[in-house]
Amino acid sequence: MKTGDRPRWREDFPVRWDEDHYVTRRELAKFLTLGSGLLAGANVLIAFIGLNAEIPKLPVQRIAAAADIPAGGSLLFRYPTADDPCILLRDRSGRLDAYSQVCTHLSCAVVHRPDEQALACPCHKGSFSSTDGKPLAGPPTRRLPRIVIEQRGADVVATGIEV
Amino acid sequence: MSELAFFIDYSRCIGCQACVQACGECDTHRGRSLIHLETIERRDSVQTAPQVCMHCEDPICAQVCPADAIKQTPDGVVQSSLKPRCIGCSNCVLACPFGVPKYESDPDQMMKCDMCYDRTSTGRRPMCATVCPSGALAFTSIEDIMRTRQGRAINEWRFGDQPVRTKVHVLVPTEITHVDVGLIPLSSLRRGSAPADPYDVAALLEDR
Chain D
-5 MKTGDRPRWR EDFPVRWDED HYVTRRELAK FLTLGSGLLA GANVLIAFIG
45 LNAEIPKLPV QRIAAAADIP AGGSLLFRYP TADDPCILLR DRSGRLDAYS
95 QVCTHLSCAV VHRPDEQALA CPCHKGSFSS TDGKPLAGPP TRRLPRIVIE
145 QRGADVVATG IEV
Chain G
29 MSELAFFIDY SRCIGCQACV QACGECDTHR GRSLIHLETI ERRDSVQTAP
79 QVCMHCEDPI CAQVCPADAI KQTPDGVVQS SLKPRCIGCS NCVLACPFGV
129 PKYESDPDQM MKCDMCYDRT STGRRPMCAT VCPSGALAFT SIEDIMRTRQ
179 GRAINEWRFG DQPVRTKVHV LVPTEITHVD VGLIPLSSLR RGSAPADPYD
229 VAALLEDR
């Protein structure tokens, strides 16, 4: 049988040792060592870039007039872009807080429950504290990102996000 | 000097069995001799002939192996079967025109001469060639053989219509360029019609 007219399967199972695609133990060890080194190097590089990168400044955005939100009420807005739904709420004591409206479990929209001092997710009965955004019940394990707000004159403005 | 090669000079064999013993002492298959020492026309003659693996350039034993267990190294040495792969089917035993591979039931695998690859790959001579007292088995250069022996070293065979080239050379009279092994037609083997082979030991026992 000549090399030219060999069937396809013979290329996968060649008779000659040097045509076989053996992975020797040494080659595997070399691959693992170099691969681990590369991964570690990439991690260091990413950490270095992260340390030196400038965190983009988020825009200052007016949300509403403070007087528009009654105690126990809430108001939806978008911050920092039109694709990021957020919720501004005032609890019974009159304190203003703002959070991302996206549940950290599977991204349903949370709703304000002023009587329970909670933000509830209707999809899987998840619940977050309305005072600090930490998960209280249900499947979510990460807290809701808090929107940093401040009052400027009569208006409430958003100035940043605390993840 | 060209690279070392294996030469068999059947006419020099004295049947001393030194090669058989030496082969069995090889570390890679300790206690198991893989060389064949054949008798020739045993009824009339004491002639013997050693048979090591001829290491065909296109090894039919490896071609017929369904388990991909027989491999040929880059320098043309056909290895014994790989233990994790060999399924003991004996395809190679039936296919080899020289009758070299042996099925060993104890490890349940085919074992054959690998020209002492642990030795020859580092430039040392195979076990059998180191001990042969008459030079019937020699591992040396072609120049050395041509200088010290009569006849011609050939490595071309013809089994019926099938040409075979081997890595191992045999010494033959000068006028011969290749060894032609005719095929025996199956019809002549039919019981009763075939003339009794005077050297068929089994037939001799039956006749008694």
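In order, the protein sequence lines correspond to chains D and G.
The opening position of the first sequence corresponds to residue -5 in our numbering, with each subsequent residue numbered one higher.
The opening position of the second sequence corresponds to residue 29 in our numbering, with each subsequent residue numbered one higher.
For glycine and all other residues, C-beta sits at the position ideal for the given N, C-alpha and C.
Beta-carbon gap between residue i and residue j smaller than 7 Å
| i | j | result |
| --- | --- | --- |
| residue 127 of chain D | residue 136 of chain D | no |
| residue 159 of chain G | residue 50 of chain G | yes |
| residue 94 of chain D | residue 139 of chain D | yes |
| residue 70 of chain D | residue 63 of chain D | no |
| residue 106 of chain D | residue 133 of chain D | no |
| residue 206 of chain G | residue 180 of chain G | no |
| residue 164 of chain G | residue 71 of chain G | no |
| residue 178 of chain G | residue 142 of chain G | no |
| residue 34 of chain G | residue 167 of chain G | yes |
| residue 65 of chain D | residue 35 of chain D | no |
| residue 116 of chain D | residue 122 of chain D | no |
| residue 140 of chain G | residue 128 of chain G | yes |
| residue 148 of chain D | residue 73 of chain D | no |
| residue 67 of chain G | residue 76 of chain G | yes |
| residue 183 of chain G | residue 193 of chain G | yes |
| residue 188 of chain G | residue 214 of chain G | no |
| residue 145 of chain G | residue 80 of chain G | no |
| residue 42 of chain G | residue 162 of chain G | yes |
| residue 8 of chain D | residue 14 of chain D | yes |
| residue 113 of chain D | residue 104 of chain D | yes |
| residue 86 of chain D | residue 67 of chain D | no |
In DSSP terms, what residue i is bridged to
| i | result |
| --- | --- |
| residue 113 of chain D | D:106 and D:122 |
| residue 91 of chain D | D:83 |
| residue 184 of chain G | G:193 |
| residue 84 of chain G | G:194 |
| residue 168 of chain G | G:33 |
| residue 56 of chain D | D:151 |
| residue 67 of chain G | G:76 |
| residue 25 of chain D | The partner list for residue 25 of chain D (beta bridge, DSSP) is empty, contrary to what the question assumes. |
| residue 61 of chain D | According to DSSP, residue 61 of chain D bridges with nothing at all. |
| residue 137 of chain G | G:132 |
| residue 142 of chain D | D:154 |
| residue 208 of chain G | G:186 |
| residue 199 of chain G | G:181 |
| residue 70 of chain D | D:81 |
| residue 131 of chain D | D:121 |
Next item on the list: Below 9 Å between beta carbons is the criterion; list the residues of the segment 152 to 176 of chain G that meet it against any residue of chain D, in chain order.
Entry: Answer set for the segment 152 to 176 of chain G: empty.
Item checked: Chain-ordered residues of the segment 3 to 31 of chain D with a beta carbon less than 8 Å from chain G -> Per Cβ criterion, the list reads 7, 9, 10, 11, 12 and 14.
Next item on the list: Taking only beta carbons into account, state which residues of the segment 100 to 113 of chain G come closer than 8 Å to chain D, listed in chain order.
Entry: Considering only beta carbons, the part of the segment 100 to 113 of chain G lying closer than 8 Å to chain D consists of 100, 101, 102 and 107, in chain order.
Check: Which residues, taken in chain order from the segment 74 to 97 of chain G, show a beta carbon closer than 8 Å to some beta carbon of chain D?
Finding: Listed by position along the chain: 86, 87, 90, 91 and 96.
Check: Given 8 Å as the limit, is there contact between the segment 139 to 154 of chain G and the segment 48 to 66 of chain G, that is, 3 or more CB pairs closer than that?
Finding: The segment 139 to 154 of chain G vs the segment 48 to 66 of chain G: in contact.
Note to self: Counting beta carbon pairs with one atom in the segment 57 to 64 of chain D and one in the segment 139 to 150 of chain D, are three or more of them shorter than 8 Å?
What the structure shows: At 8 Å Cβ cutoff, the stretches touch.
Notebook entry, point to check: Would the segment 119 to 137 of chain G and the segment 79 to 94 of chain G be scored as touching if the rule is three or more Cβ pairs under 8 Å?
Noted result: The segment 119 to 137 of chain G makes contact with the segment 79 to 94 of chain G: 3 or more CB pairs, one atom from each, lie closer than 8 Å.
Notebook entry, point to check: Can at least three beta-carbon pairs, one atom from the segment 77 to 91 of chain G and one from the segment 99 to 107 of chain G, be found at a separation below 8 Å?
Noted result: Yes, since at least three Cβ pairs between the segment 77 to 91 of chain G and the segment 99 to 107 of chain G fall closer than 8 Å, the two stretches touch.
Check: Does the segment 54 to 71 of chain G come close enough to the segment 125 to 137 of chain G to have 3 or more Cβ pairs within less than 8 Å?
Finding: Taking a contact to require three or more Cβ pairs closer than 8 Å, the segment 54 to 71 of chain G and the segment 125 to 137 of chain G qualify as touching.
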